[in-house]
Amino acid sequence: MRDRRRINRHLAGLVSAAALMLGAASPAFAEEIIVGVASAQTGGLAPFDQPSLAGLKIAVDEINAKGGFGGKYPVRLVVKDTRSDMGATATITQELVDAGAKILITPCDADPSIAAGQVTQPLGIPTLTFCGTAPILTGAVGDVMFGTYPGDNLQATVLANYAYDQGLRKVYLLKSPDSTYTMRLPEYFGEVFTRKGGAVVGEGSFSMNQSDFSAEVTKIKNLADKPDLIMTAGYEPDFPAFVQQLRAAGVSTPVFGADAIGTGTILGLGKLVDGTVYTAAGYATPGSKLAAFETKFKDVTGHAPESAYEANGYDIGLILDTAVTKADSVDPKAIRNALASIEKLEGVTGEITYAGTDRMPLRSVALVKYQDGARVFIGTQVPAAAEVPAP
Amino acid sequence: MEAGVHGVAERRLSKAMGGALVDALAMAALLVAVGLVLTMAGVAPQRTGTHAAIILTAVVSLQIFSGNTGIVSFGHAGFVGLGAYVVGLLTMSASVQASALRNLPTLLAGHEMPLLAALGIVVVLGIVVGVVSGAPLFRLSGSGASIATLALLIIVYTVLVASRDITRGSQPFYGVPRDVGLWTAIPVAALALAFARIFRELPIGLSARAVADDERGAAAIGIDRRFTTLFAWAASIVVAMAAGGLMAQFLGAFSPKDFYFGLAFTTLAMLIVGGMTSSLGALSGVAVTTVVIELVRRVEGGGEIGGIVIPPVFGLTEAVLALSMILIIWRRPEGLCGGRELNLLKRLGLSGPPTAAAEPPARTARLTIRADGLTKRYAGIVAVDDAGVELPTDCITGIIGPNGAGKTTLINMIAGAVAPTSGTLAIAGEPVTRFAAHRVARAGLGRTFQNIRIFPRMTLLENVLVASRQVVPGLAAAERAAMRELTRVGLAHLAEQPAGSLPYGLRRRLEVARALALDPAFLVLDEPAAGMNPVETEWLTTMLAKVRAERRIGVVLIEHDLKLVMKLCDRIVVVDHGRVIAEGTPAEVQANPDVIAAYLGSRTSARVLAQTEQETKPSNPTGEFSHA
Amino acid sequence: MLVQQIVNAISLGGVYALLALGLAIVFSIVGLINFAHGELMTIAGYCLLGALLMGVPLAVAVVVAVASAAIAAVLMEQIAFKPMRGASVTSLLITSFAVSSLLKVLFQNGISARPQPIAMPSWMTGAFQFGHVSIGVGPLLSIAGSALALIALELFLRRTVMGTAMRAAAEDFNVVRLMGIPAGRIIATAFLLSGLLAGLASLLWIAQRASVDPLMGFTPVLKAFIATVVGGLGSLPGAVVGGLLLGVIEVALQSALPPDVAPYRDAIVLSGVILVLLFRPDGVIPAARAQRS
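Residue numbers (our numbering), protein chains in the order written: chain Z, 98 to 488; chain E, 124 to 751; chain X, -11 to 281.
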């Protein structure tokens, strides 16, 4: 008797395991809209995808509480881990499509996003990258691919404009060939900066995760033509290491960076980063939407957001809600068209526009400065499309 | 003894090759069958299958090199990447290329080739790249070679990242047509797998495995380690780059980081899981890992099982993979397949060992090894001092002397294992001074070692075959010649067993058979009777006398068993303190006062020498200069 | 500028040397190239962070961090490598890969995939002025730390019974049995030492980078791995020389290469490594090994 029960239990287990596997392929319930998330929950991209997903989940829970996208299409997130692997990303995208995903979210990096986009493009399924910022991303795939985060060229433009307006004229660019972001962003900066009349007086390079900048710093210290500022898109662990070693060598030239240094780690460096200006997707001034989101995020998860990616993930939820509402349909093509026509959507990070762009959003970029161990908000800018360098 | 069909095949195809072909076909058929199932299962399973087949090709490339040479390579992932970029450049549409790669050298621009043509170019290029990049392996072995492959990985990655005009640097390389589906990937994977299965039975594969098992033993039968390693490397790079070509058209967009440590570790792990030393290992490693990943990742996303909500546990896949790897290494260090091939024919009893070939004709010409003034100094110690000996064919020469007299060093110099400090050496009139061991072996010298150097992971037949194919043209004939030597030493019934399973005494016999398979003019034996019991010693004496009589070769042996030496040898050379102190017939040597003094001086009883009583095994055999 | 670059080179080389030494000690005794050595650094980093967050003074936190790496190393040996004693170098290496990736997953999903800041006291970022040459406290600290650790290790290996036994074991493990010291204790001590060195190197590394993340151990251990082979696998003096050499070459190239060629830096360094190996296949200072027949 007992044996039989055990067998039954085994059988039940088997059946439910099979059901689980099939479940991935079962059609969606009527009016339910499946958002497939092919994200890197482990591996090298996890630091970006984990927080992005956390933000998106909060948005989706809120939206579902109100009845779903457009108040009538309940949302189901189907999340699969790509393990930061390219091949797996393409496969998983296909599975999500097979599972009935009408919208797809891809990892925070151009390569896997393009790989996923190549699957969704022929099917016309709108595809949004969590926080991939390479401007070529959307052009490389086609009309279903949307960026959400401020592109590298957009950020560089805002930063260069600010630097020039502050009277800074000579820049030293510190690049790393190891990633598009760390390589191209300073180059875009140089492009805008020289076009405005500034000059690039030197360029250096570093390997990511090298953590030793002593040689580079010594080189900068001994430059004949002293720069007014140093621009880099390096982030952790490279940026803290660089600044720490730069200041230790007695170089006080201000260092400008991009959105990836807007983290608690950099803030924690205190006086070291005094005067460092960086771009951000948004800034939480008291009473702002972003501040409200951060409070909400803490209430839900028990800890404050670790980066801007949580807020951006939340905004993706809002973007999708707006698009589906506008399309008033769960047809992927209608959603895509609605997405592409979004204009001046007020997200928690700021204003977002797709209309008239090549689907990398034209959106507000905040400028923030570190001063005395705190962040000082400088302002937000939406640059003119003509100013932004071509990808 | 065999059916007619087999008989015909036997003449042209070696038994091992026949078996390999059948295995290759079986594995290819299995891949096709899996492909058919996946085709019916839907688009997503097809993608999983395509990706797995491409990864399989990459793992097979690693197996061809690491599995045969025993050198763990971290570098193959980089070459997969190189292949991907080459195919990407050659096949991408000209319009995308013009916008994405503005500064592309015109030589590389606008080809828009079909995949097959591009793969053809990759194969040719792979040979060139393989030979050039394999150059460092020419001098390195073991961990040094491993680290060189790691260095190659970093070099290829860095060059890909730095060559921005061609590769877009670290930015995604996109716009590659995606024409690779299941039915492109599976044939290529099957082809690669078949190549790997056959490769290990080819002369080069046999040689590589011999080198991996025992480098000095391999040199002693004429195998050039450097050439073997380079060849295996180049062959594997061709496959790796082809895998890259497929990968390029599967992904459509990629960047150098996709072919870096991540891919290197994944492919290596899969190979280790399956078993590095066989193509079946590569196949099973990829199959098992893929199945495990597919099962686990369905659970880790969370969901409901029987009404119970399971929270998502991301990272489970990686964790399970890591754990299963550790478990496999604990439980089965040789991998799931234990290093074995399918060996379908043997398993089904359709193939027995090959028949033994006839004896080679006896040597008629009288040849000599002539050594003049051979001297070897090690950091102040003179191991051999101005030694001159002449060793003729059709004669058994014994070299004796007290412990530490320099006998083994002398023999090692003659065999090319140790380079002399000064002196000259000629075999059959040809100068071979300072020739590497493998070239001396090819000049007609077969040898055994004091500490036996067989190839434990190869079968007995393969151990001897790898030597016989050096002198016998055609693998099938070489196989029969090998069988003949195994029969001579009474090991024919164990031909298909791994040599590592043999007891000590039989290993010596195998080593003798291997040396004889070279059909050498001279057979040099370093303490062949060490560790043998009286019955075995008796067998050895009879066998050596018989070989010498039948083939009229020159036998040279170092031996402590003076009774054996006096009984067996026609001539005796006595060495003491690195010098030749006496030479002559056993009777002459026994009467020589210098010899008696030398043996007295070395605390060994002169009485033993005089009466040729049975000598006990020396208690301290490590006192000799035998290890350089 | 030259003086500064020399200090930079020695400081970087010193950290590499500590790590390489940790790898070499374990390799010389058990034949394991421990790729999970980097995760020992990560463990030390998280323990330092945890201790500081609990309000422990820096000095105590440092001790806690180093000790935790040492304990973790011994545990790692007991749990993962002990059942594999006598396995081939390849099997051991692959096991350590597996252990390493397992730990990384644990850190990423158990702690956080994001880097965590560690505030270093401000005096560490200061600089000494010698005339017109200014030399950072960080590099000097790192040189001093490495030098002290090397001297302490040398004393331990020369002056204590256990140290002598370990040197003997590195040449021929059989000697240890003759000395009557349990093999397990020798091996545990080797791992303990490698953990201590990893912990120390981790602190010097963190002092430079001011953050801890799950993948932080990979790059330095890769460098250390290269350094050990260049120096001579299993040779302790070789590991130190290899580490210093690698540090010097990296800093020299970083400061001397023109911007056009700079992206090729790693390719040049590694080509140099291959060259060294071609001329000295057993490394700059080959390990003393008993000739085994």
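Note that CB positions come from ideal geometry on N, CA and C, so glycine has one too.
Here the structure is a predicted model, which is why all the values come from computation and not from measurement.
Query                                                                                                                            : Result
Residues of the segment 31 to 47 of chain X whose Cβ lies closer than 7 angstroms to any Cβ of chain E, in chain order           : none
Chain X within 8 angstroms of E/F437, Cβ atoms only                                                                              : yes
Test: X/L283 CB closer than 8 angstroms to a CB of chain E                                                                       : With chain X running from -11 to 281 in the structure shown, residue 283 of chain X is simply not present.
Chain-ordered neighbours of Z/Q208 on chain E, where CB pairs are closer than 7 angstroms                                        : This sequence places Asp at residue 208 of chain Z; Gln is not what is there. In chain order: P295, A376, F377, S378 and D381.
CB contact check: Z/T235 to chain E, cutoff 8 angstroms                                                                          : no
Integer Cβ distance of E/A367 from E/A207, believed to fall under 8 angstroms                                                    : The sequence given here places Gly at residue 367 of chain E; Ala does not occur at that position. About 4 angstroms separates the two Cβ atoms, so the contact holds.
Within-8 angstroms CB hit, E/A285 to chain X                                                                                     : yes
E/L179 vs E/A363 beta-carbon contact at 8 angstroms                                                                              : no
Assigned secondary structure, Z/Q478 (DSSP; H/G/I helix, E/B strand, else coil)                                                  : strand
Buried versus exposed, by CB contacts within 10 Å (16 or more), E/Y627                                                           : exposed
Buried versus exposed, by CB contacts within 10 Å (16 or more), E/M536                                                           : buried
Opposing strand residues paired with Z/L326 [DSSP bridges]                                                                       : Z/V268
Own chain partners of E/M370 with C-beta closer than 6 angstroms, once the 5 adjacent residues on each side are dropped          : I177 and A207
C-alpha gap between E/I534 and E/R694, whole angstroms                                                                           : 16 angstroms
Contacting positions in the segment 233 to 248 of chain X - beta carbon closer than 9 angstroms to chain E                       : none
Neighbouring residues, chain Z, relative to X/D254 (Cβ below 9 angstroms)                                                        : S304
Reduced DSSP secondary structure (H/G/I, E/B, other) of Z/P144                                                                   : helix
Coil, strand or helix - E/M215 by DSSP                                                                                           : coil
Amino acids of chain Z, ordered along the chain, whose beta-carbon sits closer than 9 angstroms to that of X/V87                 : Residues of chain Z passing the Cβ test: none, with the nearest at roughly 16 angstroms.
Closer than 8 angstroms to chain E by CB, Z/T277                                                                                 : yes
Contact set between E/E464 and chain Z, taken where Cβ atoms lie within less than 9 angstroms                                    : Within 9 angstroms Cβ-Cβ: nothing; E/E464 doesn't reach chain Z, min ~28 angstroms.
Stretch pair the segment 70 to 86 of chain X + the segment 148 to 167 of chain X: three plus CB contacts closer than 8 angstroms : no
Partners in chain Z for E/G298, counting only beta-carbon separations shorter than 8 angstroms                                   : A237
The segment 427 to 436 of chain Z / the segment 214 to 228 of chain Z touching (three or more Cβ pairs under 8 angstroms)        : yes
Closest residue to E/D820 among E/A668, E/A241, E/A335 and E/S293 (Cα-Cα distance)                                               : Any question about residue 820 of chain E goes unanswered here, given that chain E covers just 124 to 751.
Chain Z contact for X/D201 (CB, 8 angstroms cutoff)                                                                              : yes
Assigned secondary structure, E/K138 (DSSP; H/G/I helix, E/B strand, else coil)                                                  : helix
Of the listed residues E/K530, E/S330 and E/I492, nearest to E/P554 (C-alpha basis)                                              : E/I492
Cross-chain neighbours of Z/D371 in chain X, by beta carbon under 8 angstroms                                                    : Simply none; closest approach about 12 angstroms.
First and last residue of the uninterrupted alpha helix (DSSP H) at X/F69                                                        : That residue, X/F69, is in no alpha helix (DSSP H); it is neither H nor E in DSSP.
Proximity to X/A323 [Cα-Cα], best of X/T148, X/G2, X/L221 and X/V50                                                              : Any property of residue 323 of chain X remains undetermined from this structure, which presents chain X solely from -11 to 281.
Beta-carbon proximity of Z/E403 to Z/G152, cut-off 8 angstroms                                                                   : no
First through last residue of the beta strand (DSSP E) which encompasses E/D288                                                  : From DSSP, E/D288 is part of no beta strand (DSSP E) but of the alpha helix (DSSP H) over R287 to T290.
Buried or exposed by the 16-neighbour rule on C-beta atoms within 10 Å, applied to Z/G453                                        : exposed
Where E/L263 meets chain X, residues with beta-carbon distance less than 9 angstroms                                             : I262, L265, L266 and P269
Contact the segment 185 to 197 of chain X vs the segment 117 to 132 of chain X: 3+ CB pairs below 8 angstroms                    : yes
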